[in-house]
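Protein chains in written order, with this note's numbering: chain Y, -8 to 337; chain R, 316 to 605.
Data first, discussion second: the structure below is written as structure tokens.
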Amino acid sequence: MRPLTWRRLLLRCAALAGVLLIVMVLALKLGAVQVSLYGLGRDLIHYALHSSAGLSSEYSLIIFDIRLPRIFLGIFVGASLAVAGTSFQALLRNPLADPYVLGVSSGAAVGAIVAVMIEPHLALTPDAAVLLTPVGAFLGALITIAGVYLLGRRDGEIDSTTLLLAGIITASFLNALIMLLLNWLSGRDHGGMAFWLMGDLSTPLQNNVHWVIRIGFFVAAGAIYTTAADLNLLLAGEKEAMHLGVDVPRVRVVVYVAASILTGLAVSVSGSIGYVGLLVPHVMRMIFGSDHRILIPAAALGGAIAVVLADMLARTVAAPSELPVGAMTALAGAPLFIYLLRRRLA
Amino acid sequence: MSSAARNMGAVTAAVRTNATLSVEQVSYAYSANPAQAPLFTLEAMSLQARSGEILAILGPNACGKSTLLKLIAGVLAPLSGKVTLDGIATHTMTPRLRAQRIAMVQQESQLLFPSRAWEFVLQGRHPYGKTLRFETDEDVQVARNALAQVGAEHLTDRWMDKISGGEKQRVILARALAQQPTLLLLDEPTLHLDIAAQVDLLDTLRKLASVNRYIVVVVTHELNLAAQYADQVALLQRGRCLRVGSPSNVYQRELLEQVFQTPLTVETGPSGRPRVHVWSGGAGGGSGAA
């Protein structure tokens, strides 16, 4: 009998953070423009101490203004999607649940696009306008997960197969809607079709949106983490969890809203990157077990690692041209989905 | 809990050893659509049980056994009357308090992802933990004692999906004990067990009721096991409680034949408790004669 302790939790997270750091350095080094590892180390220290003064301007532009922000964006998006996927899997009792598979990402994309469309008609201050897209994406995500949850129920219980089909059909419908909306939007400033449908990290963040994302992520992921022990019991079903003292309706609301915030934020800055929320929790579960008190932080770090790695490959495999990062995650994630589905049916 | 009590292996909290479960004129109606007549009703009924007693709820399918159990557990609110445990109405308890007082053993406990037996039993400590609920040494001790009390120490490190039905039922029971409840509820606990495991489980329950001073309420189909082990039985038919009392009081031939719709005889067994023999060996309570 070896219950989880703070010490073990922190050690494991530190190990994952170490891996993330290595992946970050690799991602800084690799790309269409080659950088030596030694030079990179020297310059990173220099950058940390004196900001970018004294570095060659072109070099500094590539490393610190293009690659580094993109890596941070990948970390945020990966962590958000993986935590959202982990909590959907527990709450819906379905190992195949993922924001993308359930159509929640597409719902968030529709919400974000609608926000972009109505923004000119609202007289908003620039600060409020920045909030509009993430909020639209959040609402789109929340409405979609509520709809899919209701569609996926049979006789008052969630039915795994019905739920998955409901999610996949909803995603397909919403993706068609996205194409329609983008047609109307043509010529205006918005991500292209590949951005919304496949996901892409190449669009840099506007400066004033950083704080929204940071606060949103920590509040939402923190809220989900407070329910970690409850999620462990929910794996055995809502009725059993209730008999063990879990306030099931409260946990359900907290987790759905928080996971919708995470998905909405991620989609509003990177489009619908798929399968991160499916692949990462499974790998983490294989390594660390299914205790959500360790699984949630591990998934956050693992999601960050996965997306930074996938984006690095997306930038390099076909260099100098780039693939959307969502294409890389789908290449890895879709076969895993099939494998899990077959194993479950067997 | 004092360290002395812990060393003796007791699993119950030191207090609440003289609790009373009281079902007072409780009724319930279920309807899918509030505008229509209810699909199912449970007529007002009353019964009582005390610490150390086993109460068996008997009756054919769809007689309201499970509904009564849910009313007792407090997950359903009665239409009229109330269920109290030591004076507190069970359906008004917070989920946390309810889980500290009432433990429910369900028919089948299935897991989405595999876990080990000790992890499963530690879940019973959930209602006692704080925010992130990292388990304390005391939690571990309680879980160990619970596994020991049901004779499942050897299963501690086994995976839940790799042990037999009888072994799994023991671990599930151990989790209920780890909740340190006053009231232990079991919904057809013997359903998927072979005869040896059934008798084993009920022996364990008998022992737990007297040693840990639980009030035990069991919903079951097994007429003879109930007669053998229960202090009280409540006989239900189509939402009505026909009789509550000791097995020898309730086990009357005409009454059982009418409720279970099958010819049978009732005789007194060697232990002085009634035994039921079903003639046709067919439907109804037939499996109880095995």
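We treat Cβ as the ideally placed atom computed from N, Cα and C, and that holds for glycine.
Because the structure is a prediction, the values reported are computed rather than measured.
CB contact check: residue i to chain R, cutoff 8 Å
i, result
"D150 of chain Y", "no"
"L256 of chain Y", "no"
"M275 of chain Y", "no"
"F236 of chain Y", "Looking at the sequence itself, residue 236 of chain Y is Gly, so the reference to Phe does not match. G236 of chain Y counts as touching chain R."
"W(-3) of chain Y", "yes"
"A220 of chain Y", "yes"
"N223 of chain Y", "yes"
"E231 of chain Y", "yes"
"L226 of chain Y", "yes"
"R84 of chain Y", "yes"
"S96 of chain Y", "no"
"S78 of chain Y", "no"
Residue from the options with nearest C-alpha to residue i
i, options, result
"Q197 of chain Y", "Y:I159, Y:S163, Y:V242, Y:A120", "Y:A120"
"Y91 of chain Y", "Y:R(-7), Y:L270, Y:S281, Y:I206", "Y:L270"
"D454 of chain R", "R:Q438, R:E468, R:P562", "R:Q438"
"A359 of chain R", "R:S563, R:T332, R:G396, R:G389", "R:G396"
"R545 of chain R", "R:E537, R:Q552, R:L551", "Looking at the sequence itself, residue 545 of chain R is Ala, so the reference to Arg does not match. Among R:E537, R:Q552, R:L551, the Cα nearest to that of A545 of chain R belongs to R:E537."
"G294 of chain Y", "Y:G22, Y:T153, Y:L(-5), Y:V74", "Y:V74"
"N174 of chain Y", "Y:V105, Y:I206, Y:Y216", "Y:V105"
"D282 of chain Y", "Y:A137, Y:A219, Y:A162", "Y:A219"
"F63 of chain Y", "Y:V126, Y:T194, Y:I109", "Y:T194"
"L357 of chain R", "R:S337, R:T335, R:T382", "R:T382"
"R365 of chain R", "R:N527, R:Q567, R:V574", "R:N527"
"Q576 of chain R", "R:R558, R:A334, R:P375, R:G466", "R:P375"
"A524 of chain R", "R:A463, R:T471, R:E368, R:P585", "R:E368"
"L122 of chain Y", "Y:G30, Y:A249, Y:G255, Y:S312", "Y:G255"
"C378 of chain R", "R:R588, R:A371, R:C556, R:P562", "R:C556"
"P338 of chain Y", "Y:V200, Y:A291, Y:L83, Y:F186", "As shown, chain Y starts at -8 and ends at 337. That puts residue 338 of chain Y outside it, with no answer to give."
"G207 of chain Y", "Y:A167, Y:M319, Y:V126", "Y:V126"
"L331 of chain Y", "Y:I287, Y:V274, Y:Y216", "Y:V274"
"E229 of chain Y", "Y:L156, Y:G94, Y:I149, Y:L176", "Y:I149"
"D221 of chain Y", "R:R448, R:I372, R:A458", "R:R448"
Contact with chain Y by residue i, beta-carbon distance below 8 Å
i, result
"E450 of chain R", "yes"
"H507 of chain R", "no"
"M419 of chain R", "yes"
"W474 of chain R", "no"
"R413 of chain R", "yes"
"G439 of chain R", "yes"
"N322 of chain R", "Bear in mind that a pLDDT of 40 at N322 of chain R, under 50, signals an unreliable position, so the model cannot answer this."
"S346 of chain R", "no"
"V390 of chain R", "yes"
"V326 of chain R", "Bear in mind that a pLDDT of 48 at V326 of chain R, under 50, signals an unreliable position, so the number given afterwards is only what the model happens to contain. No, V326 of chain R does not count as interfacial toward chain Y."
"G444 of chain R", "yes"
"L427 of chain R", "yes"
"S342 of chain R", "no"
"S381 of chain R", "no"
"V455 of chain R", "yes"
"P410 of chain R", "yes"
"S430 of chain R", "yes"
"T471 of chain R", "yes"
"A458 of chain R", "yes"
Buried or exposed (CB count within 10 angstroms, at least 16 for buried), residue i
i, result
"I264 of chain Y", "buried"
"W202 of chain Y", "exposed"
"M475 of chain R", "buried"
"G601 of chain R", "Residue placement at G601 of chain R cannot be trusted, given a pLDDT of 42 that sits under 50; what the coordinates show is reported in the next sentence. Under this definition G601 of chain R is a buried residue."
"L52 of chain Y", "exposed"
"A350 of chain R", "exposed"
"G262 of chain Y", "buried"
"I54 of chain Y", "buried"
"K303 of chain Y", "Correcting the residue type first, residue 303 of chain Y is Met in the shown sequence and not Lys. Classification of M303 of chain Y: buried, given that the 10 Å Cβ count is 16 or more."
"F67 of chain Y", "buried"
"L314 of chain Y", "buried"
Any non-hydrogen atom of the ligand MN closer than 7 Å to residue i Cβ
i, result
"E313 of chain Y", "In terms of ligand content, the structure shown is empty, and the ligand MN therefore cannot be addressed."
CB contact check: residue i to chain C, cutoff 8 Å
i, result
"P375 of chain R", "Included in the structure are the protein chains Y and R, with no chain C among them."
- Query: Below 8 Å, can you find three or more Cβ-Cβ pairs linking the region 234 to 246 of chain Y to the region 400 to 414 of chain R?
  - Reply: yes
- Task: Report yes or no: do three or more beta-carbon pairs, one from the region 373 to 393 of chain R and one from the region 495 to 505 of chain R, lie closer than 8 Å?
- Result: yes
- Query: Taking one C-beta from the region 476 to 496 of chain R and one from the region 13 to 29 of chain Y each time, how about it: are there three or more such pairs within less than 8 Å?
  - Reply: no
- Message: If we require 3 or more residues per run, which beta strand (DSSP E) segments fall completely within the region 414 to 473 of chain R?
- Response: Whole beta strand (DSSP E) segments, 3+ residues: 417 to 420.
- Item | Segments assigned alpha helix (DSSP H), at least 4 residues, entirely inside the region 73 to 133 of chain Y | 95 to 109
- Message: Under 8 Å, with one C-beta from each stretch per pair, do the region 98 to 115 of chain Y and the region 127 to 145 of chain Y reach the 3-pair mark?
- Response: Under the Cβ criterion (8 Å, minimum of three pairs), the region 98 to 115 of chain Y counts as touching the region 127 to 145 of chain Y.
- Are three or more beta carbon pairs between the region 561 to 569 of chain R and the region 577 to 591 of chain R nearer than 8 Å? Short answer: they touch.
- Message: So within the region 164 to 193 of chain Y, which uninterrupted alpha helix (DSSP H) runs reach at least 4 residues, ignoring any that extend past its ends?
- Response: Listed in chain order, the complete alpha helix (DSSP H) runs (minimum 4 residues) inside the region 164 to 193 of chain Y are 184 to 189.
- Segment contact, 8 Å Cβ cut-off, at least three pairs: the region 243 to 262 of chain Y with the region 428 to 444 of chain R: no
- Whole beta strand (DSSP E) elements within the region 325 to 407 of chain R, 3-residue minimum: The region 325 to 407 of chain R contains, as complete beta strand (DSSP E) runs of 3+ residues, the segments 335 to 345, 355 to 365, 369 to 373, 395 to 400 (chain order).
- Enumerated in chain order, which unbroken segments of the alpha helix (DSSP H) with a length of 4 residues or greater are wholly contained in the region 238 to 262 of chain Y? 239 to 261
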